[in-house]
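Worksheet: the structure to be examined is printed underneath.
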Amino acid sequence: MTASSMNGVVSGLENVVAATTRLSSVNGQKGELILAGFPLEEIAERISFEEMVFLLWHDRLPTAGELTNFSQQLADLRPLPAATLPLLRAAAQSMLPAMDALRMGAATLDLDLPAQDPLRQAQALVARMPTIVAAYWRLKRGEEPLPPDPALSHSANYLYMLSGEKPGEALVRALDTYLITVSDHGLNASTFTARTIVSTRSDLVSAVTGAIGALKGPLHGGAPGPALDMVFEIGAAERADPFLRSKIEAGERLMGFGHRVYKVRDPRADVLGRAAARLYQADGDMSLYELAKQVEETAVTLLAEYKPGRNLQTNVEFFTALLLHGLGLPTDLFSPTFAVGRAAGWLAHCFEQQQTGRLIRPKSAYSGETGRRWQPVDQRTDR
Ligand code: ACO
2 MTASSMNGVV SGLENVVAAT TRLSSVNGQK GELILAGFPL EEIAERISFE
52 EMVFLLWHDR LPTAGELTNF SQQLADLRPL PAATLPLLRA AAQSMLPAMD
102 ALRMGAATLD LDLPAQDPLR QAQALVARMP TIVAAYWRLK RGEEPLPPDP
152 ALSHSANYLY MLSGEKPGEA LVRALDTYLI TVSDHGLNAS TFTARTIVST
202 RSDLVSAVTG AIGALKGPLH GGAPGPALDM VFEIGAAERA DPFLRSKIEA
252 GERLMGFGHR VYKVRDPRAD VLGRAAARLY QADGDMSLYE LAKQVEETAV
302 TLLAEYKPGR NLQTNVEFFT ALLLHGLGLP TDLFSPTFAV GRAAGWLAHC
352 FEQQQTGRLI RPKSAYSGET GRRWQPVDQR TDR
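Position one of the sequence shown corresponds to residue 2 (my numbering), numbered consecutively onward.
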């Protein structure tokens, strides 16, 4: 029995197969990601986020007519229920992180929807999460939220609601590519959370709210903010080696590196790295991109030196940070923007889980004492 499977307990459920899915295949040895039958590279820069959501939910790309209808349905659902904005105002007064505001806001999203229409609930969740994030961001900075513009695509409208400016094609393409790239990824922690919640026959809003909570942590979707902070703190290529060495020697983890499944480079890092390069090139200043590439190279070399045999490579979060920064997003919005993309996959997994109908209920191995006897409170000692 290995250390990771003591008493039959598989630590971190590593390599445990707990669901069958047609949504995505993650090959950690080859560094391959397939999304609903398409290699990531085949679709990441060709389709819109709306097409990606349709693909995950219906297992095929939409026809032109279906895409127009589906995009319109999402656009119509973008405005928030009346009670959501006051809640976001209260959260902004407390200066909560945007991910907490998104979690609170998401829980309100079915206030104006019929409980017996789960497809509409799913559409509202996807359509409204960007509205929450953008409204919250503006409130936190003392600005009034902007109403969504139904004439804009999902990505264009998100950028517009954040900045008040209608974005150019290059920015919209970059955000679409990002949202598609992170839309689904096997049975990761937040997707497992969502599936577990609906497996009890709970509802989609509860599942997505729980999934947002799971995504928030720095070992999952909370890594890109710290990854970018690290690049800024390093500041110059020659400082990367001593800086990263001291972090690893202090027992800290380098954010944006390592993955439970990928033992080679995360294919999403390449797709997002290329998208980031194009974005910075268009902007005319490649200095941050080049510094990040040097930090990446140094980090991978040092991780191989300090953690031999662990195969710690760049993961999706490192280039997420660079891309989202290039799009003008502040670090506080990196994880919420990840959630905006991953919501498509969470909901697709919920639909799959609902079809199996089986409750997810593993077991635990008891490691406590047995045979204890009750004593009156005045006779107990604190040992
Ligand atoms: N930096 C330094 N050391 C690391 C890193 C890292 N980024 N990742 C793993 N290690 C080390 C661990 O310290 C451990 O070393 P040890 O055995 O000497 O103590 C060893 O590698 C194995 O670590 P585990 O935690 O068992 O690996 P696990 O598969 O559970 O972790 C994880 C995967 C959580 C992603 C990890 O690599 C990590 O913490 N990375 C940094 C955070 C990050 O980038 N998260 C985003 C992941 S992508 C996503 O969720 C979308």
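Backbone N, C-alpha and C define an ideal beta-carbon position, used for all residues, glycine too.
In the DSSP assignment, find the unbroken beta strand (DSSP E) run with residue i in it and report its ends.
| i | result |
| --- | --- |
| valine 301 | No beta strand (DSSP E) contains valine 301, which is instead part of the alpha helix (DSSP H) from 288-307. |
| serine 12 | Where serine 12 is concerned, there is no enclosing beta strand (DSSP E), given that its DSSP letter is neither H nor E. |
| valine 27 | 25-28 |
| leucine 36 | 33-36 |
Rounded to whole angstroms, how far is the Cβ of residue i from the Cβ of residue j, which I believe are closer than 8 Å?
| i | j | result |
| --- | --- | --- |
| arginine 196 | isoleucine 361 | 6 Å |
| alanine 277 | leucine 324 | 4 Å |
| asparagine 316 | phenylalanine 258 | 6 Å |
| leucine 24 | aspartate 185 | 5 Å |
| arginine 261 | glutamate 33 | Contact flag wrong, Cβ pair sits at about 16 Å. |
| histidine 1 | threonine 22 | No answer is possible for residue 1: the residues shown for the chain start at 2 and end at 384. |
| alanine 224 | glutamine 295 | Incorrect: roughly 19 Å between the Cβ atoms, too far for contact. |
Sorry if obvious, but does the Cβ on residue i come closer than 7 Å to a heavy atom of the ligand ACO?
| i | result |
| --- | --- |
| glutamate 298 | no |
| phenylalanine 55 | no |
| lysine 1 | A question about residue 1 goes unanswered here, because the residues of the chain that appear run from 2 up to 384. |
| asparagine 316 | yes |
| isoleucine 35 | no |
| histidine 350 | no |
| glycine 222 | yes |
| proline 337 | no |
| isoleucine 48 | no |
| glycine 13 | yes |
| arginine 246 | no |
| arginine 240 | no |
| methionine 256 | yes |
| proline 268 | no |
| asparagine 8 | no |
| isoleucine 44 | no |
| leucine 313 | yes |
| isoleucine 1 | Outside the displayed range of the chain (2 to 384) lies residue 1, so it cannot be described from this structure. |
| asparagine 189 | yes |
| proline 219 | yes |
Would you kindly report the start and end of the unbroken alpha helix (DSSP H) that includes residue i?
| i | result |
| --- | --- |
| serine 207 | 205-216 |
| isoleucine 48 | Element bounds for isoleucine 48: n/a, residue is neither H nor E. |
| asparagine 70 | 65-77 |
| glutamate 234 | 225-235 |
| isoleucine 361 | No alpha helix (DSSP H) contains isoleucine 361, which DSSP labels as neither H nor E. |
| valine 272 | 268-284 |
| leucine 245 | 241-250 |
| tryptophan 138 | 119-141 |
Would you decide whether residue i is buried or exposed? Buried here means 16 or more other CB atoms lie within 10 Å of its CB.
| i | result |
| --- | --- |
| tyrosine 290 | buried |
| serine 365 | exposed |
| glycine 342 | buried |
| alanine 45 | buried |
| threonine 182 | buried |
| phenylalanine 339 | buried |
| tyrosine 367 | exposed |
| glutamate 52 | buried |
| threonine 3 | Confidence in threonine 3 is poor, its pLDDT being 47 and thus under 50, which makes the residue's placement unreliable; the coordinate value appears in the next sentence. Classification for threonine 3: exposed. |
| glutamine 117 | exposed |
| aspartate 286 | exposed |
| lysine 308 | exposed |
| phenylalanine 335 | buried |
| aspartate 60 | exposed |
| glycine 13 | exposed |
| asparagine 189 | buried |
| phenylalanine 50 | buried |
| alanine 157 | buried |
| alanine 91 | exposed |
Is residue i near the ligand GTP, in the sense that its beta carbon is under 7 Å from a heavy atom of that ligand?
| i | result |
| --- | --- |
| glycine 259 | Within the structure as shown, the ligand GTP is missing, the only ligands being the ligand ACO. |
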